[in-house]
Each structure stands twice: as C-alpha cells, then as structure tokens.
Ligand code: URA
C-alpha cells in the first residue's frame with residue numbers, strides 16, 4: 011500500500027518497517043510530518059511590512075560627514091542633525107538645538123552648546139546668558155531677528171551643563187562646518203573658550219585667543235575670519251570683565267563694516 015507521506019526519507023523508512031512486518035499507521039505518520047513542517051516553516055506573513063532595521067554606523071564622525079555633505083540647504087542640515095543619533099548626549103537631552111536667527115547674515119555667533127533653557131525650548135542662547143548676548147549684539151546693531159545667525163559647536167545639552175568632551179564635539183564638527191559653508195557668514199564670533207578652541211583646533215585658552223582676529227577653515231578649505239568673545243555666562247559671573255568684552259565687540263563691529271564693504 012502506498013505510503014501517504016511526502017518525505018522520501020520517511021517513505022523509505024516506513025517501507026522498510028512494513029517489509030520487516032511492522033504495522034505502520036500512515037495517518038499518524040502524516041500528522042507527525044505536518045507538525046514537523048509547521049515547526050520549521052517561517053511564521054505567517056503579517057499585513058504590515060516589518061520595520062527596516064536601521065544600520066548602526068561603525069564610525070559616527072564619518073556618518074556625520076556623509077550626512078552633512080549631502081545637505082544643500084540649512085533646512086536640510088537641520089533635519090539631518092535632528093535625525094542623527096551619533097552623539098552620546100542625545101539620549102539624555104530633551105531637544106536638538108540647531109540654530110536660530112537669520113540665515114545668510116554676515117555675522118554668525120557660535121557658542122558651546124545648549125543649557126537647560128535652550129534644551130527646553132529647542133533654541134540656542136535663550137537663557138540668561140542668551141539674553142545678555144542679545145544685548146551685546148544690539149549694542150553693535152545686530153540681532154538674531156534681522157542680521158545674525160546663532161548656533162553652537164554641540165547640539166545637545168550635556169548633563170549638569172558640563173563642557174562637551176572631544177568625542178561629543180567631533181561628531182558635531184562636520185555639521186558645524188557644513189552650516190558655515192551653507193550660511194556663508196562673513197565673520198564668525200566664537201562665544202567662549204569651548205567654541206573658540208574647538209573651531210580653531212588649538213589648546214590655547216580664551217584669554218590668549220580673544221582680542222584678535224583668527225581664521226576658521228573647514229576641512230574642505232572654506233575660510234572665514236573668526237573673533238573670539240568672552241562667553242556671556244562668564245560675563246554674568248564676572249561683570250568686571252565686561253570692558254574687555256566691549257573692546258572685542260567693537261572689533262567685531264569694525265570688521266563687519268569692512269567685510270560688508272561699508
Ligand atoms: N551657552 C551657549 O554656549 N550656547 C547656548 O546656546 C546657550 C548657552
């Protein structure tokens with residue numbers, strides 16, 4: 011009698027049993043085969059396509075560079091930064107703080123990174139230090155609403171407002187460089203020692219760097235004059251330093267006048 015099994019191996023086994031005089035229950039063998047098939051077969055297809063698994067880059071700086079270089083506008087760059095998961099700071103931050111102000115302005119101010127208020131509102135320099143920065147800019151006829159772009163060298167708030175470390179700065183740098191290439195400021199003001207040192211890639215502190223003009227150059231060779239300024243948060247703690255900051259602001263005003271051809 012033909013065996014109702016569909017596996018050639020099992021079929022020859024049951025044939026052999028029968029030859030040896032063993033009574034084979036083919037219905038049971040078939041049931042056994044079906045159960046075994048079910049255990050090996052993939053689960054039934056769901057209607058919804060499974061979510062594609064996101065590739066985890068092995069080198070986040072390379073990933074940032076590749077994302078940044080693919081951006082042709084500040085809006086695209088902002089979206090790329092917001093979607094980027096390569097900063098260890100992102101998980102604890104509430105928001106990604108990218109930029110505020112007037113794209114295309116001659117002046118670009120670059121600070122250290124968001125504090126608590128910036129993290130809450132998703133905008134750079136909107137806390138107490140930011141209010142002082144706005145007043146400093148107003149004193150030389152600049153504002154984020156009309157003729158200044160404001161950003162940072164790091165886009166996520168470090169816990170406890172500590173300084174961003176080298177790795178945290180390194181993953182942001184390709185975005186910072188691309189922002190400068192796209193915004194094309196005529197002059198960068200680095201607000202504080204952290205951005206001044208990071209942008210100029212120097213171990214020198216702010217007291218050594220301030221008071222004079224430097225040049226910031228992207229890895230693609232795009233060069234922009236840069237003037238370091240004492241950080242407004244530092245000026246809030248040490249108002250006696252405001253006269254130095256005022257001298258630096260006058261230098262910024264003078265250089266902007268020259269660079270804008272005024
Ligand atoms: N300090 C900074 O350096 N940047 C901000 O955005 C806010 C405070």
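In this note's numbering, the protein residues as written are 11 to 272.
Ideal Cβ positions, reconstructed from N, Cα and C, are used throughout, including at glycine.
Bear in mind that the values here come from a model prediction, so they are computed numbers and not experimental data.
Check	Outcome
On the criterion of 16 or more Cβ atoms from any shown chain inside 10 Å, does residue 145 qualify as buried, or is it exposed?	exposed
With a floor of 3 residues, list each beta strand (DSSP E) that falls wholly inside the segment 167-218, ordered by position along the chain.	197-201
Which same chain residues end up closer than 8 Å to residue 51 when comparing Cβ atoms and leaving out the 5 residues on each side of it in sequence?	Per-residue confidence for residue 51 stands at a pLDDT of 45, beneath the threshold of 50, marking its modelled position as unreliable; the derived number appears in the next sentence. Hits under 8 Å: none found.
Quick one: what does DSSP say residue 43 is sitting in, helix, strand or coil?	Only weak support exists for where residue 43 lies, its pLDDT of 49 falling under 50; the value from the coordinates is given anyway. Looking at residue 43 - three-state DSSP - the assignment turns out to be helix.
By the DSSP assignment, the alpha helix (DSSP H) with residue 242 in it spans what residues?	242-247
Would you grab the beta carbon distance between residue 211 and residue 164 for me? Rounded to a whole angstrom, and I think it's under 8 Å.	With 8 Å as the limit, residue 211 and residue 164 do not qualify as a contact, their Cβ atoms being about 15 Å apart.
Please find out if some non-hydrogen atom of the ligand URA comes closer than 7 Å to the beta-carbon of residue 128.	yes
Which of the three DSSP states, helix, strand or coil, is assigned to residue 74?	helix
If distances are taken between C-alpha atoms only, which option among 161, 268, 137 and 72 comes closest to residue 88?	161
Less than 8 Å separating the beta-carbons of residue 171 and residue 202?	no
How do the segment 229-248 and the segment 129-143 stand: do at least 3 beta-carbon pairs fall below 8 Å, yes or no?	yes
When you compare only the Cα positions, how much space is there between residue 188 and residue 66?	23 Å
Can you name the start and end residues of the beta strand (DSSP E) that residue 161 belongs to?	158-162
At a cut-off of 7 Å, would you count residue 203 as near the ligand URA, judging by its Cβ distance to the nearest heavy atom?	no
Please determine whether the Cβ atom of residue 122 lies at a distance below 7 Å from any heavy atom of the ligand URA.	yes
For the segment 96-105 against the segment 66-80, are there 3 or more C-beta pairs whose distance is under 8 Å?	yes
Can you round the beta-carbon distance between residue 148 and residue 266 to whole angstroms, since I take them to be within the 8 Å contact cut?	Wrong, their Cβ atoms sit about 14 Å apart, outside the cutoff.
Nearest-angstrom Cα distance between residue 232 and residue 130?	33 Å
Can a CB atom of chain D be found closer than 8 Å to the CB of residue 72?	You won't find chain D in this structure, because it holds only one protein chain.
Buried or exposed: which applies to residue 156, given that a residue is buried once 16 or more other Cβ atoms fall within 10 Å of its Cβ?	exposed
Buried or exposed for residue 134, going by 16 or more other Cβ atoms inside 10 Å?	buried
Compute the Euclidean distance between the alpha carbons of residue 191 and residue 253, then round it to the nearest angstrom.	32 Å
Measure the C-alpha to C-alpha separation of residue 195 and residue 105 and round it to an integer number of angstroms.	26 Å
Is any heavy atom of the ligand URA found at a distance shorter than 7 Å from the C-beta of residue 140?	yes
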